[in-house]
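Heads up: the sequence shown begins at 0 in numbering that gives the first Met the number 0, then just goes up one per residue.
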Amino acid sequence: MQHLRKIKKDVCTMQIKNENRGLISSSGQFTSTLSQKGQVTIPAKIRDYIDAKAGDQIQFVIEGDNVFVNVVKKNSLLALFGAMPPKAGEPNLSWEEIRREAKEEMISSE
Numbered sequence: 000m001q002h003l004r005k006i007k008k009d010v011c012t013m014q015i016k017n018e019n020r021g022l023i024s025s026s027g028q029f030t031s032t033l034s035q036k037g038q039v040t041i042p043a044k045i046r047d048y049i050d051a052k053a054g055d056q057i058q059f060v061i062e063g064d065n066v067f068v069n070v071v072k073k074n075s076l077l078a079l080f081g082a083m084p085p086k087a088g089e090p091n092l093s094w095e096e097i098r099r100e101a102k103e104e105m106i107s108s109e
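Encoded structure:
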């Protein structure tokens, strides 16, 4: 299940992609206030609908003028990255280094 919130400058449109329901637009308007610490509480109805639980991560992705908000479940495979030490003799690379090496490898094989 992937959850997206598309924000375009002054106009906000919430879109949620649910594998069982497809892509839908929100029906209803919800408001939350940004705290002095930069925190926002996600309204309970939205948390329930997207099945967001305490401990889930909220990922923000900027693409052009849009910001997408993804709910990353706490038991996702990516959340487990780094939980096990690397095998003996293998380099201890960060996730960014692994992605960069994979990208370079793909480019060189073209």
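A virtual CB, placed ideally from N, CA and C, is assigned to each residue, including glycine. Bear in mind that the values here come from a model prediction, so they are computed numbers and not experimental data.
- Item | 8 Å contact criterion, which Asn65 and Gln58 should meet: CB distance rounded | The C-beta distance from Asn65 to Gln58 rounds to 14 Å, too long to meet the 8 Å contact threshold.
- Could you tell me if Ile61 is buried or exposed, where buried requires 16 or more neighbouring beta carbons within 10 angstroms of its beta carbon? Its Cβ having fewer than 16 others within 10 Å, Ile61 is exposed.
- For Ile106, count neighbouring Cβ atoms within 10 angstroms of its own Cβ and tell me buried if that reaches 16, exposed if not. exposed
- Query: Less than 9 Å separating the beta-carbons of Leu92 and Glu100?
  - Reply: yes
- Run of the beta strand (DSSP E) containing Glu62, from where it starts to where it stops: Unbroken beta strand (DSSP E) run through Glu62: 56 to 62.
- Message: For Ala51 and Glu96, I'd like the C-alpha separation in whole angstroms.
- Response: 29 Å
- Item | Beta carbon of Asp55 nearer than 9 Å to that of Val71 | yes
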